[in-house]
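According to the numbering used here, the sequence shown is numbered sequentially starting from 2. The beta carbon of each residue, even a glycine, is placed where N, CA and C say it ideally should be.
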Amino acid sequence: MGDTLEKSGILVLEDGHVFQGNSIGIEGYTVGEVVFNTSITGYQEILTDPSYTEQIITFTFPNIGNVGINYEDQESNQTYIKGIIIRNLSLISSHHRSKQSLQNYLKKNKIIAISNIDTRKLTHILRKTGSQNGCILTKQYNKNNYDYAYTKAKKFYGLKQVDLAKIVSTKKIYNLNYKNHYINKNILINQSINTKKKCLHVVVYDFGIKKNILNTLISYNCKLTVVPAKTPPNTILKLIPDGIFFSNGPGDPRPCNYVIQSIKQFLHTNIPMFGICLGHQLLALASGAKIIKMKFGHHGSNHPVQDVHTKQVMITTQNHGFTVDSNNLPAQLKISHISLFDHTIQGLNWKNKPIFGFQGHPEASPGPHDASSLFDKFIYSMQKI
């Protein structure tokens, strides 16, 4: 969108900073935690990731929308984001899979969005002050009333101590496997695993799981039973799973006490367990670790993570605003991976238990596949039992 167009929307941060831009979604206002994402590609997967519930995404890459929107790359069946902020909206959507433009998608899904603002300046502010609450307000809705938007931003409750997992979780138990589940034409049985062995039954706790995490587990010829966040442990144990998987999800894990108590019961078994992102944090909490809010979090598909044992570095996809506190870590937990950006914990192994967690998103949607071997590790741990 060109700079000569009339400004039709504003973004106001809780510290008073204001940015004028152009409304490219629906009319109205929205409030949320403003975060920045450094990914160069994959905006559709980012927009449909339930982990962004109650957040407004700032894309640091300057041109967004150039490949349009397709039907295959949705990470969920609906959008949970509160809004998006971009520098330039591409006027052309050019890709053989594209079905509609990004702007049409935003309006169809009732998303408030703003373009033509200085996202570099905004990102510098967020890096200095930390993630802030913000309000996007369109001119047609309220004539760009700064005081109105500022008040909305200041009153937003934030993400601390708010249980968002129960909001985005599935409401009922359902089953998936390679034979009855079609998500993507490119799903193939993963040949790195001996698929002649029995089909492994994995119970998946859904805290806002992305479709491509399910895709990845299915590619290993796993039978999946996907369960709501509040499913009690006795229900899970009656299913006699080969393994339990704890998914990604939005917000603060600390209020999810119902999950933490369930995991504490699972820790008394020998069932292999794997947690990603929020699931990783919940496993740590159940084992006695603490969680802290990060200054501006990790959001992007270009984050370097190092295996502390092999010293191998992999580029990963990240999306979280909380992390496991490395201070006074319980003795049964061993750090397996660290972020090379800020040395926060990225992976944990449980001593004498087939349990591990990873903070990033190793299914690589969007992003690189460097961390995909973590799924191999989960499969092998179940085959050994």
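Considering only residues of the same chain and omitting the five flanking positions on each side of residue i, which have a CB-CB separation below 8 Å?
i: K265; result: A287
i: I174; result: T226, V227, V228, P229, T232
i: N353; result: Q333
Roughly how many whole angstroms lie between the Cα atoms of residue i and residue j?
i: F379; j: A365; result: 16 Å
i: L215; j: L268; result: 23 Å
i: E28; j: S94; result: 23 Å
i: I210; j: L138; result: 30 Å
i: D119; j: I11; result: 12 Å
i: G26; j: H304; result: 30 Å
i: S263; j: N134; result: 32 Å
i: H97; j: I41; result: 19 Å
i: Q347; j: S340; result: 6 Å
i: N249; j: T59; result: 21 Å
i: L14; j: N222; result: 47 Å
i: H338; j: G17; result: 38 Å
i: F275; j: I219; result: 15 Å
i: F247; j: V325; result: 16 Å
i: T217; j: I65; result: 27 Å
i: L238; j: K167; result: 21 Å
i: N178; j: V203; result: 10 Å
i: E34; j: Y72; result: 28 Å
i: Q79; j: K122; result: 30 Å
i: A290; j: N328; result: 9 Å
i: Y81; j: I386; result: 38 Å
i: V68; j: S170; result: 29 Å
i: E23; j: Q56; result: Correcting the residue identity first, residue 23 is Asn in this sequence and not Glu. Taking the straight line from one Cα to the other gives about 19 Å.
i: I272; j: Q104; result: 46 Å
i: D164; j: L284; result: 16 Å
i: C1; j: K312; result: Since the first residue shown for the chain is 2 and the last is 386, residue 1 is missing from the structure and cannot be characterised.
i: K109; j: I85; result: 15 Å
i: Y206; j: K129; result: 36 Å
Might you give, ordered along the chain, the residues of its own chain that have their beta carbon closer than 7 Å to the beta carbon of residue i, omitting 5 neighbours on each side?
i: T318; result: S302, G361, H362, A365, P367, G368
i: G131; result: K296, F297
i: L375; result: F359, P363
Please report the residue range of the alpha helix (DSSP H) in which residue i lies.
i: I27; result: Counting along the chain, I27 falls outside any alpha helix (DSSP H), and DSSP gives it neither H nor E.
i: S374; result: 374-385
i: V169; result: 166-169
i: Y44; result: 44-48
Could you give the residue range of the beta strand (DSSP E) that holds residue i?
i: I58; result: 56-60
i: I356; result: 356-359
i: I316; result: 314-325
i: V13; result: 10-14
Using C-beta distances below 6 Å, list every residue in its chain close to residue i, excluding the 5 sequence neighbours before and after it, in chain order.
i: K111; result: I27
i: T124; result: F37, T61
i: Q21; result: K8, I11
i: L201; result: C223, D243, M383
i: E345; result: Note on identity: in this sequence residue 345 is Thr, with Glu being the wrong assignment. Counting only Cβ-Cβ distances below 6 Å, and skipping sequence neighbours, we find T324.
i: E76; result: E46, T49, D50, K211, K212
query = What are the uninterrupted segments assigned as alpha helix (DSSP H) that are 4 or more residues long and contained completely in the segment 221-304, given in chain order?
reply = 234-239, 258-267, 279-287
inquiry  = Runs of 4 residues minimum, wholly inside the segment 73-161: which ones carry the alpha helix (DSSP H) assignment?
reply    = 103-109, 120-130, 140-143, 147-156
query = Does the segment 77-96 touch the segment 106-123, meaning 3 or more C-beta pairs lie closer than 8 Å?
reply = yes
message = With three or more beta-carbon pairs closer than 8 Å as the criterion, would you say the segment 44-53 touches the segment 135-154?
response = no
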